[in-house]
Amino acid sequence: MPKALVTGAGGFVGQWLSRALLRQGWSVTGTTLGIAPPPGILTAADLAQMRWRGIDLRPGVDRRTLAGLLDRERPDAIFHLAAIAFVPAAGEDPMRALDTNVSAAVRLVEAMRALRAAGTMDAVLLVIGSAEQYGRHEAGPPLDEATDQRPRTFYAATKCAQEAFALAAARADGLRVVATRSFNHSGPGQAPEFLLPALVRRAREARATPGTPVRIGNTEPVRDFLHVEDVVSAYISLVERGRPGEAYNVCSGAGATVGEIAAEVLARAGVPDPLAPDPALRRPVDVPWLVGDNRKLRADTGWSPRRSRADIIDDLLHATP
């Protein structure tokens with residue numbers, strides 16, 4: 006039975022990933038800053054199958070604690086999901102974002118290097134990056150992995166730094182590191198401040214109280230969405246078949262404007278009320294166009310998405326509020 010260590014396993018994607026790993030026959034250890042999450046994405050049976058370890062990967066924790074965890078678990082694969090994932094949150098507290106999104110990855114790589122040198126562990130490490138790393142590019146062909154990275158937010162800068170360090174370790178020390186540049190994704194259990202859960206919540210409110218306007222920020226940015234189930238399937242495929250030292254887009258390859266996505270949410274929710282632009286919901290920095298090319302991921306792993314954007318919306322609409 007292959008063994009996985011999932012950092013940030015209590016988060017939205019971490020729980021979906023742990024669930025998928027368990028169903029594929031992996032033994033899963035999850036790290037979290039606090040206690041294990043309550044049943045929801047993970048069933049009570051899933052939670053009982055997993056081992057949970059409370060550890061903070063940020064500076065301030067004795068390095069021997071992390072090294073000891075890795076040495077005890079001896080995973081075949083490490084999925085590094087622990088991060089600040091909300092772009093505005095990283096901008097509000099840059100030092101915390103730096104510690105969480107960069108320093109934690111550096112400490113993890115250091116511990117892996119030491120154990121590999123000792124001959125006790127040679128796990129594959131998957132580090133999770135973001136489409137935000139690409140920054141501003143004119144609309145055109147989907148962005149492939151050779152596209153220049155032009156980070157426009159502190160969040161994007163931390164993800165660029167994490168990737169650069171992790172892939173440098175792969176080149177310098179032979180660590181088996183694979184990086185993702187993950188585009189937008191959603192599904193049941195995602196935090197309410199993200200785009201699709203926020204739109205679904207407002208659509209529900211409008212359906213319950215006819216005439217309630219559905220507030221929205223900037224409708225013009227173009228985004229490429231995947232269902233979270235397809236995202237975690239890609240992550241597992243990359244650990245199993247991705248090329249070490251490489252970065253991969255995890256995306257659908259198709260884009261739609263935020264306005265078009267919002268209109269689809271209203272249509273699927275049966276809400277005739279109009280969208281109401283709200284300047285307070287606009288981000289200070291919003292990359293106008295992010296659509297990815299997933300051909301490298303498909304070619305190297307055989308992965309392909311199975312769920313549509315309509316599936317994401319329907320799953321969110323049918324999930325318990």
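If you use the working numbering, the sequence shown closes out at 326, no skipped numbers anywhere. Where a beta carbon is used, it is the ideal one built from N, C-alpha and C, also for glycine. Bear in mind the structure is a predicted one, so any value in this text is a computation, not a measurement.
For the stretch 141-221, the full-length beta strand (DSSP E) segments reaching 3 residues or more read 181-187 and 219-221 along the chain. Straight through space, the alpha carbons of R69 and D76 are spaced by roughly 10 Å. Taking the Cα positions, T158 is about 8 Å away from V92.
Shown here for A116: same chain residues with a beta carbon closer than 6 Å to its own, the five before and five after excluded, namely L71, A72 and L75 in chain order.
Beta-bridge pairing by DSSP links S32 to K8. Around the beta-carbon of P197, fewer than 16 other beta-carbon atoms lie within 10 Å, marking it exposed. A285 and G145 have their C-alpha atoms spaced approximately 29 Å apart.
Residue pairing of H232 in beta bridges, as defined by DSSP: S191.
The three-state reading of DSSP puts N223 in coil, since its state is none of H, G, I, E or B. As the crow flies, the alpha-carbon of T163 is around 33 Å from that of G30. Excluding sequence positions up to five before and after G222, its CB lies within less than 6 Å of the CB of L286 and R287, all in the same chain and listed in chain order.
Only buried fits I133, as 16 or more other CB atoms lie within 10 angstroms of its CB. In the DSSP assignment, W294 is bridged to V227. A check of alpha carbon separations from D291 across L302, T185, V114 and V227 identifies V227 as the nearest. T224 is positioned such that its CB atom lies closer than 8 Å to that of V263.
Contact between the stretch 243-252 and the stretch 201-212 is absent, with fewer than three C-beta pairs closer than 8 Å. Under the 10 Å beta carbon count, L38 is surrounded by fewer than 16 other beta carbons and is classified as exposed.
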